[in-house]
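In this note's numbering, the protein residues as written are 2 to 48.
Okay, structure coming up:
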């Protein structure tokens, strides 16, 4: 039996793009972050 393990982070946000500390702020994804998230969602079947 084989195992595929994906290590993922959130997509790009305004805070992460500006290297800012966001704490518990739920900032929106940038257009690039949305694009990357869409690509990741197509990698495989997510349960």
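All C-beta atoms, glycine included, are put in the ideal place defined by N, C-alpha and C.
The model shown is predicted, which means the values in this text are computed figures rather than measured ones.
Per DSSP, residue 13 is not a residue of any alpha helix (DSSP H), being assigned neither H nor E. Separation of residue 14 and residue 28 (C-alpha to C-alpha, rounded to the nearest whole angstrom) is 6 Å. With a cutoff of 8 Å on beta-carbon distance, residue 30 and residue 38 are scored as near each other. Exclusion of the five residues before and after residue 33 leaves 13 as the residues of its chain whose Cβ lies within less than 6 Å of its Cβ.
In the three-state DSSP reduction, residue 30 falls in the strand class (E or B).
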